[in-house]
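Q:
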Amino acid sequence: MLSRYLPWFIILSTIAEILGTVGGFGSSVFFVPMATYFMDFQTVLGITALFHLSSNITKIGFFRKGFDKKLMLYLGIPAVLFVALGAFLSKYANPELLTSVLGVFLVAFSLLFVINKNLKVGASKKNALIGGSLSGLFAGLLGTGGAIRGATMSAFNLNKDKFIATSAIIDLGIDLSRSVVYTYNGYVHWKDMYLIPILIVVSIVGTYLGKKVLDRITQDQFKRFVLFLLFGIGALTIISNL
Numbered sequence: 007m008l009s010r011y012l013p014w015f016i017i018l019s020t021i022a023e024i025l026g027t028v029g030g031f032g033s034s035v036f037f038v039p040m041a042t043y044f045m046d047f048q049t050v051l052g053i054t055a056l057f058h059l060s061s062n063i064t065k066i067g068f069f070r071k072g073f074d075k076k077l078m079l080y081l082g083i084p085a086v087l088f089v090a091l092g093a094f095l096s097k098y099a100n101p102e103l104l105t106s107v108l109g110v111f112l113v114a115f116s117l118l119f120v121i122n123k124n125l126k127v128g129a130s131k132k133n134a135l136i137g138g139s140l141s142g143l144f145a146g147l148l149g150t151g152g153a154i155r156g157a158t159m160s161a162f163n164l165n166k167d168k169f170i171a172t173s174a175i176i177d178l179g180i181d182l183s184r185s186v187v188y189t190y191n192g193y194v195h196w197k198d199m200y201l202i203p204i205l206i207v208v209s210i211v212g213t214y215l216g217k218k219v220l221d222r223i224t225q226d227q228f229k230r231f232v233l234f235l236l237f238g239i240g241a242l243t244i245i246s247n248l
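Numbering (my numbering) for the sequence shown: 7 to 248.
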């Protein structure tokens, strides 16, 4: 089926990469639900992890001017540990139920901050550890946890480049960890390896175009965009499971 619709797959993957770059939390939140129209869910998990490796290396290259070292540790270490657990449990979990829970969380979180602009999540080590653990667990289970990481990181008031660079470095560790487990689970198939060079090009083009968009918006516009994007992702996730 995929070979027949490969041009559409490439176009939609590029759009997912652009939106993921502009939003700051990676393309998988868009790529995973899109790719499930072309292949089974477990194959999508394997392809997403491999795609994200090149995607995050590209983002680190484009946004290498700075990253938050403390946040990278407090958010990144639990994310890497819990993604391995989530990837292992993905063989036994109900993806529809977990996806619905993720959707409800994202809608509630984004609405809360859009309605009450003065509300802030404490930028604490505890919240970073919790957010990292949840983002890693969902990334392993569902192939996407970047929206939770973006929701957590939005509390720390990072500038655009630092937000994206820090998120990409954390995501790189997550993808390395889950790629090993997904391969062990049998989600990575040799017949799908022809997609990897295609998706490497997609990641470079999508990240470049996303950076061009980011260069044209202000910091406040970026923050609002992240919240509205989180809401849209959550709403679409809920609707797709009804």
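Note that CB positions come from ideal geometry on N, CA and C, so glycine has one too.
Predicted model only: the values in this text are computed from it and were never measured.
Taking the continuous alpha helix (DSSP H) assigned at A134, which residues delimit it?
A: On the sequence shown, position 128 is the one that residue 134 refers to. Taken as a continuous stretch (DSSP letters only), the alpha helix (DSSP H) holding A134 covers K131 to L148.
Q: Counting C-beta neighbours from all protein chains within 10 Å, is the total for R155 16 or more, i.e. buried, or is it exposed?
A: Here residue 155 refers to the residue found at position 149 of the sequence shown. Flag for R155 reads buried.
Q: Mapping DSSP to helix, strand and coil, what is K168?
A: In the sequence shown, the residue the question calls residue 168 occupies position 162. Correct three-state label for K168: helix.
Q: Among the residues of its own chain, which have a CB less than 7 Å from the CB of V232, if the five just before and after it don't count?
A: Here residue 232 refers to the residue found at position 226 of the sequence shown. Counting only Cβ-Cβ distances below 7 Å, and skipping sequence neighbours, we find G29, G30, G156 and S160.
Q: Just the C-alpha distance for V299 and D226, rounded to the nearest angstrom, thanks.
A: There is simply no residue 299 to check, as the chain begins at 7 and stops at 248 in what is shown.
Q: Reducing DSSP to helix, strand and coil, say where L8 ends up.
A: Here residue 8 refers to the residue found at position 2 of the sequence shown. The answer is coil: DSSP assigns L8 none of H, G, I, E or B.
Q: Does the separation of the CB atoms of G92 and L25 fall below 8 Å?
A: Numbered from 1 along the sequence shown, position 86 holds the residue referred to as residue 92. Numbered from 1 along the sequence shown, position 19 holds the residue referred to as residue 25. No, they are not a contact pair.
Q: Starting from G82 and walking both ways along the alpha helix (DSSP H), at which residues does that stretch end?
A: Here the question's residue 82 lines up with position 76 in the sequence shown. Its alpha helix (DSSP H) spans residues K75 to L95.
Q: Can you look up R230 in the DSSP assignment and give me helix, strand or coil?
A: To locate residue 230, count along the sequence shown from 1; it is residue 224. Three-state result, R230: helix.
Q: Starting from I53, trace the alpha helix (DSSP H) both ways and give me its first and last residue.
A: The sequence position of residue 53 within the sequence shown is 47, counting from 1. Segment F47 to F68, the alpha helix (DSSP H) holding I53.
Q: Please state the DSSP three-state secondary structure of V194.
A: Translated into the one-based positions of the sequence shown, residue 194 becomes position 188. If DSSP states are grouped into helix, strand and coil, V194 belongs with coil.
Q: Less than 6 Å between C-beta atoms, sequence neighbours within five positions excluded: which residues of the same chain meet that for I210?
A: Translated into positions along the sequence shown, residue 210 becomes position 204. Correct list, in chain order: T64.
Q: Restricting to Cα atoms, I'd like to know which of K197, G137 and P203 is closest to V89.
A: One-based indexing of the sequence shown puts residue 89 at position 83. Closest by alpha carbon: G137.
Q: Using 8 Å as the Cβ pair cut-off and three pairs as the minimum, do the region 97-116 and the region 161-170 touch?
A: Flag = no, the region 97-116 and the region 161-170 do not touch.
Q: Report the option in K131, L79, A153 and F73 whose CA atom is closest to the CA atom of F169.
A: Along the sequence shown, read from residue 1 onward, the residue named residue 169 stands at position 163. Minimum Cα distance to F169 is reached at F73.
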